[in-house]
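There are 2 protein chains.
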Amino acid sequence: MALIVQKFGGTSVASVERIKSVAKKIKTFKDAGDQVVVSVSAMSGETNRMTDLAHQIQDKPSLREMDVLLTTGEQVTISLLSMALQQLGCDAISYTGSQVRITTDSEHGKARIKSIDSELIVKSLNEEKVVVIAGFQGVDEGGHITTLGRGGSDTTAVALAAALNADECQIYTDVDGVYTADPRIEPNARKMNNISYEEMLEMASLGSKVLQIRSVEFASKYNVSLRVLSSMIENPIGTLITSEEKIMEEAVISGIAHNKDEAKVSLIGVPDIPGVAYKILKPISDNNIEVDMILQSVSSKEGLANFAFTVHRNDFEESKEILEKVRSDLGALKVQSDDKIVKVSLVGIGMRSHAGIATKMFEVLHKENVNIQMISTSEIKISVAIDEKYLELAVRSLHSAFDLDKE
Amino acid sequence: MALIVQKFGGTSVASVERIKSVAKKIKTFKDAGDQVVVSVSAMSGETNRMTDLAHQIQDKPSLREMDVLLTTGEQVTISLLSMALQQLGCDAISYTGSQVRITTDSEHGKARIKSIDSELIVKSLNEEKVVVIAGFQGVDEGGHITTLGRGGSDTTAVALAAALNADECQIYTDVDGVYTADPRIEPNARKMNNISYEEMLEMASLGSKVLQIRSVEFASKYNVSLRVLSSMIENPIGTLITSEEKIMEEAVISGIAHNKDEAKVSLIGVPDIPGVAYKILKPISDNNIEVDMILQSVSSKEGLANFAFTVHRNDFEESKEILEKVRSDLGALKVQSDDKIVKVSLVGIGMRSHAGIATKMFEVLHKENVNIQMISTSEIKISVAIDEKYLELAVRSLHSAFDLDKE
Chain V
1 MALIVQKFGG TSVASVERIK SVAKKIKTFK DAGDQVVVSV SAMSGETNRM
51 TDLAHQIQDK PSLREMDVLL TTGEQVTISL LSMALQQLGC DAISYTGSQV
101 RITTDSEHGK ARIKSIDSEL IVKSLNEEKV VVIAGFQGVD EGGHITTLGR
151 GGSDTTAVAL AAALNADECQ IYTDVDGVYT ADPRIEPNAR KMNNISYEEM
201 LEMASLGSKV LQIRSVEFAS KYNVSLRVLS SMIENPIGTL ITSEEKIMEE
251 AVISGIAHNK DEAKVSLIGV PDIPGVAYKI LKPISDNNIE VDMILQSVSS
301 KEGLANFAFT VHRNDFEESK EILEKVRSDL GALKVQSDDK IVKVSLVGIG
351 MRSHAGIATK MFEVLHKENV NIQMISTSEI KISVAIDEKY LELAVRSLHS
401 AFDLDKE
Chain G
1 MALIVQKFGG TSVASVERIK SVAKKIKTFK DAGDQVVVSV SAMSGETNRM
51 TDLAHQIQDK PSLREMDVLL TTGEQVTISL LSMALQQLGC DAISYTGSQV
101 RITTDSEHGK ARIKSIDSEL IVKSLNEEKV VVIAGFQGVD EGGHITTLGR
151 GGSDTTAVAL AAALNADECQ IYTDVDGVYT ADPRIEPNAR KMNNISYEEM
201 LEMASLGSKV LQIRSVEFAS KYNVSLRVLS SMIENPIGTL ITSEEKIMEE
251 AVISGIAHNK DEAKVSLIGV PDIPGVAYKI LKPISDNNIE VDMILQSVSS
301 KEGLANFAFT VHRNDFEESK EILEKVRSDL GALKVQSDDK IVKVSLVGIG
351 MRSHAGIATK MFEVLHKENV NIQMISTSEI KISVAIDEKY LELAVRSLHS
401 AFDLDKE
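Heads up: the sequence lines are chains V and G, in that order.
Heads up: the first sequence begins at 1 in the numbering used here, then just goes up one per residue.
Heads up: the second sequence begins at 1 in the numbering used here, then just goes up one per residue.
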């Protein structure tokens, strides 16, 4: 007998039919003797419908009242799913975030979980009930209803698993796991059976949009075994995201991530004086723009340097304007910009103990005549910025060169 | 400065436009310096929509889960109305039944309010906020969400007014008050400015469907001044329902109520032995059928009696069947039945001190050749059962004879 926390997102509970089919899936675990806690989202479409209503009243509705409004979405789902389970003869009980005291801070719309009172949940589990809990929502210490913001129901599930010391937290989604690369780009991409938290964090933040980063951080912090799997197929295995120690088959490279959301801005011909990086990046961060890759290089002209960095494409125009001002302040030659870049990253814990991964990566790209514009590295990843037209070529050649298509 | 509790039903908040117009109305009270607590229902249609979803899953959904589901309806309204008030520059805050601890018993779907914790409401009022509270819902001592059943949001408003010791509880509805008779039957019917709780209870239970009986009982118990008024017109006065002592202009007769939902069943030729009424009515009440008017009379045949009573038309067929069995047990001659009757009642506190009201009523009906089939009286009402074809004639002639059309 295991204690399992399962999370079903909005698409999985989009209709009465789908809710019934989720109930059937849950019942197979209960029938097998497991204790099951389920966290669910609003039926897909509901959140948008309610946001529309609010916007017909106010352009910028009160965040507190938006939370009161939107949390009704999951409340509808928990009641319907509990009914569907009862209809199958599977005893069930629903709880809102407030009822099980998912206590958060008071940041409406993006609250963070501080604690969960597991007493009521454990009591209901001991009564042989499936416990169905509204995801995405909580309550602050003043009793006000809060939401965790987008993707928050993944976090609810992980937090529940941590609070209950569950054996596994299963996140049901519309993909059947985490792949070695985006299968739409690399048809030979292979589903991984295991991946470490750290790798998953790199994969997720680099654009493999399977799980919310926060929920993986949370899982890592509380050592919750997290499984991503498909709600659409029977008996899925998915991908287990767990601590490094628990992974037996350790590959050098786990996967290839890419990110098409970045753009590059450069300041050319900067007088090479001390503190120049600070002077360039300070006004950028003052405007709440996040910088990812950074490159400083000596220019061809004597005593002049070039300085380049990447930002989110949403911040591209603003970054160019700021840099133009910095250019005249510093007496630099010109601003260059390019929003046709893509970042491709190799991720793998094994990299730590294997030298030469970067060399091999650059060699592969060189052979394909892919020009590398920027490089950044961490302990478990190497990223390069390249022209976006080379995306498919780079991903496929690296995938093959590092044998990612092979078990 | 007064403390006012206002209640707006589902029709008044059926759309974003109507919610905005309710907000405007509330603001006029706030601007005049009043403290305002508002209780609202779900947007009309929402409860049916959700009930449909539930019935797609279960024929008889769990009452507990139905309450979790249906209470989202008012939660949507409180958030939208709070936004609409804020948009008008009127500070507002929403609370669910759970948040302000509207504590009920655990009878899901028809719970009764036990207490309200007014602390949070008073705190918000002192912060100059309009407090918007979900009607119809509460929470039991175990923290489970409950609903008060149909019409429950009137009761919420009255209970709030009682707990807060409010100056007035205003129930906004689609009629502009309580009339001396149904205006669709008697065009000269006049809106009353005042009516006592007792009279209103008689009027309500007799078919003037303006207010839920329970909320009037509640108002009477806690001496809450209750005003029924229209949400559709500007500055309505409505009808004030209050304690007898507070009513200055005391009419002998306040109004005429009628009820078309009753049917008559009779047992003819019953041997006149002791306990016959008990033997006839016991099996009726055992089947949860409520009896209203009762008539026992000596039959024309020696030693035989007739026994007649009225029941709700929904219970007509079942009552006939039960009575048929009783007939053979008691050796009575036959069962007679008539579902073409109507009950017409004169209601008025002044009746207590005025003899001859009944005599005058019977005289008026006699003059119009309306045959009286049954009579029942209480301290403040006289009811007669008559053929339903005489309904209009009886109401109009009584209305005129008792000068109800005159101020």
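We treat Cβ as the ideally placed atom computed from N, Cα and C, and that holds for glycine.
Going by CA-CA distance only, name the one from the options that's closest to residue i.
i: threonine 377 (chain G); options: G:Val158, G:Gln35, G:Ile349 and G:Ala42; result: G:Ile349
i: glutamine 86 (chain V); options: V:Met232, V:Val100, V:Val131 and V:Ser98; result: V:Val131
i: glutamine 56 (chain V); options: G:Glu65, G:Gly33, G:Leu81 and G:His55; result: G:Leu81
i: threonine 103 (chain G); options: G:Tyr95, G:Gly10, G:Glu74 and G:Ile113; result: G:Ile113
i: isoleucine 273 (chain G); options: G:Ser353, G:Ala332, G:Ile93 and G:Ser225; result: G:Ala332
i: valine 210 (chain V); options: V:Glu321, V:Ile185 and V:Gly238; result: V:Gly238
i: aspartate 329 (chain V); options: V:Glu128, V:Gly269 and V:Met374; result: V:Gly269
i: threonine 359 (chain V); options: V:Ile322, V:Gln336 and V:Phe402; result: V:Phe402
i: glutamine 58 (chain V); options: G:Ile247, G:Gln35 and G:Leu88; result: G:Leu88
i: leucine 3 (chain V); options: V:Lys129, V:Asn165 and V:Val139; result: V:Asn165
i: leucine 240 (chain V); options: V:Ala111, V:Tyr172, V:Glu262 and V:Ala84; result: V:Tyr172
i: serine 225 (chain G); options: G:Ser345, G:Val216, G:Gln336 and G:Glu317; result: G:Val216
i: glutamate 245 (chain G); options: G:Ile195, G:Glu317 and G:Pro271; result: G:Ile195
i: methionine 1 (chain V); options: V:Asp34, V:Gly9 and V:Val22; result: V:Asp34
i: serine 353 (chain V); options: V:Ile233, V:Gly138, V:Ala251 and V:Asn188; result: V:Ala251
i: threonine 413 (chain G); options: G:Gln75, G:Gly109 and G:Ser115; result: Here chain G covers residues 1 to 407 and nothing more, so residue 413 (chain G) does not appear.
Spatial neighbours of residue i within its chain, please: CB distance less than 7 Å, with the 5 preceding and 5 following residues excluded, ordered by chain position.
i: asparagine 223 (chain V); result: Ser243
i: isoleucine 280 (chain G); result: Leu267, Phe307 and Val326
i: isoleucine 372 (chain V); result: Phe362, Leu365, Val384 and Ile386
i: isoleucine 294 (chain V); result: Phe309
i: serine 319 (chain V); result: Val265, Ile284, Ile289 and Val311
i: threonine 11 (chain G); result: Ser44 and Asp174
i: glutamate 388 (chain G); result: Lys260, Lys340, Ile341 and Val342
Would you say residue i faces chain G, with C-beta separation under 8 Å as the test?
i: glutamate 119 (chain V); result: no
i: isoleucine 133 (chain V); result: no
i: glutamine 137 (chain V); result: no
i: glutamate 407 (chain V); result: no
Near residue i, what residues of its chain come up, given a Cβ to Cβ distance below 6 Å and the 5 sequence neighbours on each side ignored?
i: leucine 393 (chain V); result: Glu368
i: lysine 191 (chain V); result: Gly177 and Tyr179
i: valine 298 (chain V); result: Ala305
i: alanine 157 (chain V); result: Val5, Lys7, Ser39 and Cys169
i: isoleucine 19 (chain V); result: Val13, Leu80, Leu81 and Ala84
i: arginine 396 (chain G); result: Glu186
Going by beta carbon distance, what residues of the same chain come within less than 8 Å of residue i, once the five residues before and after it are set aside?
i: valine 347 (chain G); result: Glu199, Glu202, Met203, Leu206, Ile253, Ser254, Gly255, Ile256, Ala257, Ile380 and Lys381
i: leucine 53 (chain G); result: Leu69
i: leucine 229 (chain G); result: Gln170, Ile171, Tyr172, Thr173, Asp176, Gly177, Pro236, Ile237, Gly238 and Thr239
i: glutamate 128 (chain V); result: Asp91
Going along chain V in order, which residues have a C-beta closer than 7 Å to the C-beta of residue i?
i: valine 68 (chain G); result: Gln75, Ile78, Ser79 and Ser94
i: leucine 53 (chain G); result: Val16 and Leu80
i: serine 98 (chain G); result: Ser98
Is there a C-beta anywhere in chain V that falls below 8 Å from the one on residue i?
i: lysine 20 (chain G); result: yes
i: methionine 361 (chain G); result: no
i: glycine 109 (chain G); result: no
i: methionine 50 (chain G); result: yes
Name, please, each residue of chain G whose Cβ falls closer than 7 Å to the Cβ of residue i.
i: alanine 84 (chain V); result: Ile57
i: glutamate 65 (chain V); result: Ser79, Ser82, Met83 and Ser94
Name the chain G residues that come within less than 9 Å of residue i, Cβ to Cβ?
i: glutamate 202 (chain V); result: By Cβ distance, chain G contributes nothing, its closest Cβ being about 39 Å from glutamate 202 (chain V), past 9 Å.
i: threonine 72 (chain V); result: Thr71, Thr72, Gly73, Gln75, Val76 and Ser79
For a contact meaning CB atoms closer than 8 Å, what does residue i contact in chain G?
i: glutamine 87 (chain V); result: Ile57 and Gln58
i: glutamine 336 (chain V); result: What glutamine 336 (chain V) touches in chain G: nothing, since even the nearest Cβ is about 46 Å away.
So which residues of chain V does residue i contact, with C-beta pairs closer than 8 Å?
i: serine 62 (chain G); result: Ser82, Met83 and Gln86
What do you reckon, is the C-beta of residue i under 7 Å from a heavy atom of the ligand MN?
i: leucine 229 (chain V); result: No copy of the ligand MN occurs in the structure displayed, which carries no ligand at all.
Chain-ordered residues of the stretch 257–268 of chain V with a beta carbon less than 8 Å from chain G:
none
Beta carbons nearer than 9 Å to chain V: which residues of the stretch 143–167 of chain G have them?
Gly143, His144 and Ile145
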